[in-house]
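A.B. asks: Residue numbers (the working numbering): 1203 to 1608.
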Amino acid sequence: MRHNRTQHRSRRGTRSITAASATVLAVVAATAAVQSNAFGTEEEPTAVSQSPTEAQAQDCGAGTFQAQVAKAGDTWKARHGDTVLYTGDDMFAAMNAGLDSLTPNRTTKERMVVLGSGTISASERLKLPSYTVLDVCGTINATGAVATDTGPIFSRDTTDVEVQHAKITGAPMYGMFFRSVSNLTLGQIDMRLSGGLGIRIDNGSKATPATNTRIDDVYVSGASSHAVETAGLDGVTIGTVTARDVGEAGLLLNTTTHAEVGTVDAQNVGTGTGYAAFRMANRNGRIGDGYENNIHVNQVIARGGGRGIFCVSESGGAVIDRVDIADTGNNAILVENCYNVTIAAEGGTVSGAGGIRIAARDEFANTSDVTLENLTVTDSFIKESPCAENTVIKNVELVNTTKDVC
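#1: If you draw a straight line from the alpha carbon of Thr-1410 to that of Thr-1360, how long is it in whole angstroms?
#2: Of the choices Ala-1534, Asn-1495, His-1498 and Met-1393, whose alpha-carbon is the least far from that of Gly-1506?
#3: Out of Thr-1345, Phe-1512, Gln-1366 and Thr-1473, which one is the CA nearest neighbour of Ser-1426?
#4: Would you identify the three-state DSSP class for Ala-1347, choosing helix, strand or coil?
#5: Quick check on the DSSP output: what are the complete beta strand (DSSP E) runs of length 3 or more inside the region 1491 to 1549, in order along the chain?
#6: Alpha carbon to alpha carbon, how far is Val-1466 from Arg-1402?
#7: Spatial neighbours of Gly-1320 within its chain, please: CB distance less than 6 Å, with the 5 preceding and 5 following residues excluded, ordered by chain position.
#8: Spatial neighbours of Val-1250 within its chain, please: C-beta separation below 7 Å, excluding the five flanking residues on both sides.
#9: Would DSSP call Asp-1419 helix, strand or coil?
#10: Tell me whether the region 1451 to 1467 and the region 1477 to 1484 touch, counting them as touching only if at least three CB pairs, one residue from each stretch, are closer than 8 Å.
#11: Does Met-1375 come out as helix, strand or coil in the three-state DSSP assignment?
#12: Is the beta carbon of Ile-1522 sitting closer than 9 Å to the one on Ile-1511?
#13: Determine the DSSP secondary structure at Gly-1452, reduced to helix, strand or coil.
#14: Taking the beta carbon of Ser-1407 as the centre, do at least 16 other beta carbons fall within 10 Å, making it buried, or is it exposed?
#15: Which residue's Cα is closest to the Cα of Cys-1513: Gly-1346, Glu-1591 and Leu-1455?
#16: Please name the residue or residues paired with Met-1393 in a DSSP beta bridge.
#17: If you scan the region 1273 to 1314 from start to end, which runs of the beta strand (DSSP E) of 3 or more residues do you find wholly inside it?
#18: Put Leu-1317 into one of helix, strand or coil per three-state DSSP.
#19: Would you mind reading off the limits of the beta strand (DSSP E) that contains Lys-1408?
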């Protein structure tokens, strides 16, 4: 079975991705200048005339807000204007009180700022309604037993939800979990976990995808599962995913279309497994019955761990510009039953015994239209088995490396 192949990115995909990418790059550049203060001291925000979205590009907690939750000593206080909503030692109760004070059934964004660090139960989830902006200037530590589909920050069947800053520790089931949320924005997210999955964004069992997701900068360490996972999304823009000592994948895209990713930077991710720093699975990138280019990744960096790049189970339509992969315990790159995939369009290096494989399983259509180019491969191998359709290997320098291709 042959699949439709479009040379380079489709016009439709390029227009939508480029516009989104320009937005995220502007925001990431602005946040980088203040990132060192993102989780700093608890201070009263200075009121300025800015919308919640504009506030994302400045210090955590700064800008206008409708509700504020702040910790002084061991006491949390939630307020809305001059009205005190909660006073006590329960961080979760204080945050809930702040959220509940926002306008019901609103159609424009309202913002809650959290100043301070505390502990909540891993079975609890702060449910963000539509048109909510959350800015957490401190750490949420999730402890104790988990419950199904829970995470400290959660939203489901909503629109226009934004988390500007958040730092999460502990071992929740998910650090953040979003299901069927359109117009979702995540800004500067930092998770130093001891288990669980970092961020999962999906559409549940719905036939229609969740649309318009933006993630600026995510750091995840210590998760036992993935750092960031998507499923059933259309229209995704990601700045940087940094994964350290994560049990499975760094960035895993499932059944996701029209995605623009800046950098995936992974160390010791998926050690002892078949997972990868960057993985595409379950018909990721498939549009209708074809695989026009609609997944674009600027750079994948992988050191150690399982695999570097893994494309599997009828995924494709992807261009990865640059790769820097070394010393993976499993394959540096494995493309298996994927279609229209270009790796190292702008250059890269692969080194170590893991090797590069182009492969296929019998239960899916054979791999086709894979291009490896502009690579230097050192102390490794390139192997194609079984023979794929229309494989292109060009401008590849082999250093102490074998090549066994059709």
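Yeah, the Cβ is synthetic: ideal placement off N, Cα and C, and Gly gets one too.
C.D. replies: According to the structure shown:
#1: For the purposes of this step, residue 1410 is identified with residue 208 of the sequence shown, where counting begins at 1. For the purposes of this step, residue 1360 is identified with residue 158 of the sequence shown, where counting begins at 1. Taking the straight line joining both Cα atoms gives about 14 Å.
#2: Position 304 of the sequence shown, counted from the start, is the residue given in the question as residue 1506. With respect to the C-alpha of Gly-1506, the residue from Ala-1534, Asn-1495, His-1498 and Met-1393 having the closest C-alpha is Ala-1534.
#3: Along the sequence shown, read from residue 1 onward, the residue named residue 1426 stands at position 224. Measuring from the Cα of Ser-1426, the nearest candidate turns out to be Thr-1473.
#4: Position 145 of the sequence shown, counting from 1, holds the residue named residue 1347. It is coil, neither helix nor strand.
#5: 1497 to 1505, 1509 to 1513, 1517 to 1528 and 1535 to 1538
#6: In the sequence shown, residue 1466 corresponds to position 264, counting from 1. In the sequence shown, residue 1402 corresponds to position 200, counting from 1. If I take the Cα positions, the gap works out to 16 Å.
#7: Working through the sequence shown from its first residue, we reach residue 1320 at position 118. Answer for Gly-1320: Met-1293, listed in chain order.
#8: As a working mapping, residue 1250 is identified with position 48 in the sequence shown. Note on Val-1250: pLDDT 34, under 50, position unreliable in the model; no value is reported.
#9: For this step, residue 1419 is matched to residue 217 along the sequence shown. Of the three classes helix, strand and coil, the one that applies to Asp-1419 here is strand, per DSSP.
#10: In short, these stretches touch, since the Cβ pair count reaches three.
#11: Numbered from its first residue, the sequence shown carries residue 1375 at position 173. Met-1375: coil per DSSP, three-state reduction.
#12: Taking the sequence shown and counting its residues from 1, the one referred to as residue 1522 is at position 320. Taking the sequence shown and counting its residues from 1, the one referred to as residue 1511 is at position 309. Inclusion of Ile-1522 and Ile-1511 in the CB contact set at 9 Å is warranted, their separation being smaller than that value.
#13: As a position in the sequence shown, residue 1452 is number 250, starting the count at 1. Three-state result, Gly-1452: coil.
#14: Along the sequence shown, read from residue 1 onward, the residue named residue 1407 stands at position 205. Label assigned to Ser-1407: exposed.
#15: The residue given as residue 1513 occupies position 311 in the sequence shown. Answer by Cα proximity: Leu-1455.
#16: Against the sequence shown, residue 1393 aligns to sequence position 191. Answer is Ile-1370 and Val-1422, bridged to Met-1393.
#17: 1277 to 1282 and 1285 to 1290
#18: As a position in the sequence shown, residue 1317 is number 115, starting the count at 1. Collapsing the DSSP output to three states places Leu-1317 in a strand.
#19: For the purposes of this step, residue 1408 is taken as residue 206 along the sequence shown, with counting starting at 1. Element bounds for Lys-1408: n/a, residue is neither H nor E.
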